[in-house]
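Using our numbering, read the sequence shown as starting at 2 and increasing by one per residue. Glycine is no exception: its CB is placed at the ideal position from the N, C-alpha and C atoms. Here's the structure, in structure tokens; my notes come after.
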Amino acid sequence: MTETMQRSVKSSEIKKDFKYEVSSIHGGDKLLNCFQCGTCTSDCPIARFSDTYRPRQLIRMAQIGLREQVLSSDSLWLCASCFTCSDRCPQDVEVASVIRVLKNLAAQQAFVPQVFKELGTTILETGYAYRIPERRLKKREDLGLPPLPKSNLETLNTILGHVHFQKSIGRDR
Ligand code: SF4
Ligand code: SF4
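Structural data, given as structure tokens:
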């Protein structure tokens, strides 16, 4: 059926209203315009270097209602949001935006790859996306550089809580 969807699909797996759910969200409204020409995949810089990432496939899965499969797919998160596909689509499908919509729906169910969950945890615990090693902080000190600014973690956690960030990475507050 599609590039990486090798197994057959049971009718019970199909959520026929999913296309309307995606179409009703800003950015997903042109989902049904897609006629599967494949231009998005052929021009996608990520698909060029991946055996599994195919934007056309993600669009098709959303169209036919494979809600669980598309939202739980790690390959969804390979999209670099470069918008090449949106620029090239002959049907005016905002492919990159549809993928953003799918990512947001996936995050609502904590379908987020482990690597991003760990990144999110680091942000919540340190205020930085990367845990800065002690030796690097010491090196700054030795070089006479000022200390890095401290994050207000309480405020950060509160703000991110308003967009359910903790829930999306599997850390309920
Ligand atoms: S380029 Fe547009 S019409 Fe063609 S497969 Fe991609 S989304 Fe569908
Ligand atoms: S926005 Fe995502 S799917 Fe579209 S071309 Fe860029 S990486 Fe590929």
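Just the Cα atoms here: how many angstroms apart are residue i and residue j?
i	j	result
Leu32	Glu155	39 Å
Arg8	Ile100	23 Å
Pro150	Val113	29 Å
Lys13	Glu69	Reading off the sequence shown, one finds Ser at residue 13, where the question assumed Lys. The alpha-carbon atoms of Ser13 and Glu69 are separated by roughly 11 Å.
Asp52	Ala97	19 Å
Asn34	Leu138	52 Å
Asn153	Tyr129	11 Å
Thr159	Val102	24 Å
Ile124	Tyr131	7 Å
Leu146	Lys140	9 Å
Met62	Leu144	54 Å
Val94	Ser169	27 Å
Gly162	Gln110	15 Å
Asp88	Gln64	20 Å
Asp18	Leu157	36 Å
Phe36	Leu72	21 Å
Gln115	Phe166	14 Å
Val15	Pro148	One detail in the question is off: residue 15 reads as Ile in this sequence, not Val. For Ile15 and Pro148, the distance between alpha carbons rounds to 54 Å.
Glu135	Glu142	11 Å
Cys90	Gly28	14 Å
Thr42	Glu126	37 Å
Gln92	Ile133	46 Å
Gly121	Ser74	19 Å
Val164	Asp173	12 Å
Ile26	Gly66	15 Å
Gly50	Asp30	It should be noted that the sequence gives Phe, not Gly, for residue 50. Their backbone Cα atoms lie some 29 Å apart in a straight line.
Tyr54	Val10	19 Å
Can you round the beta-carbon distance between residue i and residue j to whole angstroms, since I take them to be within the 8 Å contact cut?
i	j	result
Lys118	Gly171	6 Å
Leu77	Leu59	6 Å
Query raised in the report: Should the stretch 100-118 be regarded as contacting the stretch 21-30, the criterion being three or more beta carbon pairs within less than 8 Å?
Result: yes
| field | the stretch 81-96 / the stretch 45-53 touching (three or more Cβ pairs under 8 Å) | value | yes
Checklist entry - Residue ranges of each alpha helix (DSSP H) run of no fewer than 4 residues wholly in the stretch 21-55, ordered along the chain? => result 40-44 and 46-49
What residue ranges within the stretch 80-153 form continuous alpha helix (DSSP H) runs of no fewer than 4 residues, ordered along the chain? 85-89, 96-109, 115-127 and 135-143
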